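Residues in the sequence shown are numbered from 6 upward in steps of one, following the numbering used here. We put the beta carbon where it would ideally sit given N, CA and C, even for glycine. Values in this document were obtained by computation on a predicted structure and should not be read as measured data.
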Amino acid sequence: MKKQFIVLFSLLTLAITASAQKEYKISKTSGQLNLHVAGAIVEGYSGNEIIFSLPAGETEKVDERAKGLRVISGSGFVDNSGLGLDISEKGTEVNVNVVNKKIDGVLTIKVPQNIKVTFANQSSIYQEDIILKNLKNELEISTSYNKIKLENNTGPMNIKSLYGSIDASFVEPIKGPVSIVSVYGHVDVSLPVSVKANVDLSTSYGKLYAADGLKIALEKNVAEEKPKDEDLITTIKSATNEALLISGLKSGSGTIISNNKNIRVANGIAVYGGRSSEDIKGKINGGGANFILKSNYDNVYLRVK
């Protein structure tokens, strides 16, 4: 009796869960999925359909006046999915656009493993976290404000965010190249200790961190090859009989006049210095997949998974 009750309870739970979600499916096992939405959870799986789902609103009101009609917008997109999304196929590509800028609830998308995924969102108003996991094909992500989380994706991938942070965790095998870049947010990446990789880490105003467990065989110090992020002042001129003291001058060209131990710059001189960027290139376990990890104004973290 107890066993029968447990089975019945499980079936009821599944039924309630299914009814609490709205879904839209497209039969697709290859090609490319192009997402233009505020945010989403995108997960790879071994199926033959792209499945879009949203939680059904518990207090969703029915507009009696809208019966027999569908939502449209000035963008030209039409809700043909029942999820507030315009989903259309063109050749091998599936294009997904939000009809009214924002949808209610967290959009979840299950994607067959052989499908490439692109994501673009440049909105400064409508942005949510982007989570991509268990995907085994190419990823192309470009956002302005979204935070991006990557879990167990194999690559190749090109991930860019202007203001959002990017956190990534990898498992082997990894297919390069992998490029993860944020201008103002941090970049935090975890790799298996056994990974074979060529790494290029850089930051203009932040710091670079790496775990001791990742033995990076460094290439020649970039700082010895060229000045880093130099400020170039093409001309500096002194007023008549005025002394200009140049501090922190590393190198330059022009006419420098010394008068009673005061330094005056008579004409053009190139001045280098100012920023303290870091750029490290090296190999892990002899080298392998190419990784570019960069943040202009924040830190870069490289960890052992």
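*asked:* I'd like to know whether the C-beta atoms of residue 151 and residue 133 end up nearer to each other than 8 Å.
replied: Taking the first residue of the sequence shown as 1, we reach residue 151 at position 146. Taking the first residue of the sequence shown as 1, we reach residue 133 at position 128. Yes, the Cβ-Cβ distance between residue 151 and residue 133 is below 8 Å.
*Does residue 58 come within less than 8 Å of chain C when only Cβ atoms are used?*
Protein chain content of the structure displayed is limited to a single chain, and chain C is not contained in it.
*Would DSSP call residue 70 helix, strand or coil?*
For the purposes of this step, residue 70 is taken as the residue at position 65 of the sequence shown. Helix, per DSSP.
*For the candidate residues 138, 99, 86, whose alpha-carbon lies nearest to that of residue 29?*
Here residue 29 corresponds to residue number 24 of the sequence shown, with the count starting at 1. A check of alpha carbon separations from residue 29 across 138, 99, 86 identifies 86 as the nearest.
*State the beta-bridge partners of residue 100 as determined by DSSP.*
Position 95 of the sequence shown, counting from 1, holds the residue named residue 100. DSSP, once it has assigned bridges, lists 39, 93 as partnering residue 100.
*Whose C-beta lies closer than 6 Å to the C-beta of residue 81 among residues of the same chain, with five residues either side of it excluded?*
Along the sequence shown, one-based indexing puts residue 81 at 76. Closer than 6 Å at the Cβ level, and outside the excluded window around residue 81, lies no residue.
*Compare the C-alpha of residue 106 against each of 123, 78, 117, 98 and name the closest.*
To locate residue 106, count along the sequence shown from 1; it is residue 101. The option with the nearest alpha carbon to residue 106 is 78.
*Do you know offhand how far residue 180's Cα is from residue 56's?*
Position 175 of the sequence shown, counted from the first residue, corresponds to residue 180. Position 51 of the sequence shown, counted from the first residue, corresponds to residue 56. Distance between the alpha carbons of residue 180 and residue 56: 26 Å.
_Taking the alpha-carbon of residue 215 as reference, which of 166, 289, 187, 189 has the nearest alpha-carbon?_
Residue numbering aside, residue 215 sits at position 210 when the sequence shown is read from its first letter. Taking only the C-alpha atoms, the option nearest residue 215 is 289.
*Where do the N-terminal and C-terminal ends of the beta strand (DSSP E) with residue 303 fall, by residue?*
Translated into positions along the sequence shown, residue 303 becomes position 298. First-last for residue 303: undefined, no H or E at that position.
*Selection from 196, 127, 118 that minimises the alpha carbon distance to residue 36*: On the sequence shown, residue 36 is found 31 positions in, with the first residue counted as 1. Considering only 196, 127, 118, the residue with the shortest C-alpha distance to residue 36 is 118.
*My guess is that residue 200 and residue 295 are in contact by the Cβ rule of under 8 Å, so how many angstroms apart are they, rounded?*
Working through the sequence shown from its first residue, we reach residue 200 at position 195. Working through the sequence shown from its first residue, we reach residue 295 at position 290. Taking C-beta atoms under 8 Å as the contact rule, residue 200 and residue 295 fail to qualify, at a distance of about 12 Å.
*Boundaries of the beta strand (DSSP E) in which residue 221 is found, first to last residue*: Within the sequence shown, residue 221 is the residue found at index 216, counting from 1. In the DSSP annotation of this structure, the continuous segment of the beta strand (DSSP E) that includes residue 221 starts and ends at 221-223.
*Are there 16 or more other CB atoms within 10 angstroms of the CB of residue 276, so buried, or fewer, so exposed?*
If you number the sequence shown from 1, residue 276 lands on position 271. Confidence at residue 276 is low in this model, with a pLDDT of 37, below 50, so the placement of that residue is unreliable and no value is reported for it.
*With DSSP as the reference, please indicate the residues paired to residue 26 in a beta bridge.*
Stepping through the sequence shown from its first residue, residue 26 is reached at position 21. Checking the DSSP bridge columns, you'll see residue 26 partnered with 60.
*Given a threshold of 16 other Cβ atoms within 10 Å of its Cβ, counted over all protein chains shown, does residue 202 qualify as buried or as exposed?*
Start at 1 with the first residue of the sequence shown, and residue 202 comes out as number 197. By the 10 Å Cβ count, residue 202 comes out buried.
_Three or more C-beta pairs below 8 Å linking the stretch 37-49 and the stretch 121-128_ = With a cut-off of 8 Å, the stretch 121-128 and the stretch 37-49 count as touching, because enough Cβ pairs lie within range.
*Around the Cβ of residue 88, are there at least 16 other Cβ atoms within 10 angstroms (buried) or fewer (exposed)?*
Here residue 88 refers to the residue found at position 83 of the sequence shown. Label assigned to residue 88: buried.
*With C-beta atoms as the reference, is residue 59 less than 8 Å away from residue 110?*
Working through the sequence shown from its first residue, we reach residue 59 at position 54. Working through the sequence shown from its first residue, we reach residue 110 at position 105. The answer is yes: Cβ separation under 8 Å.
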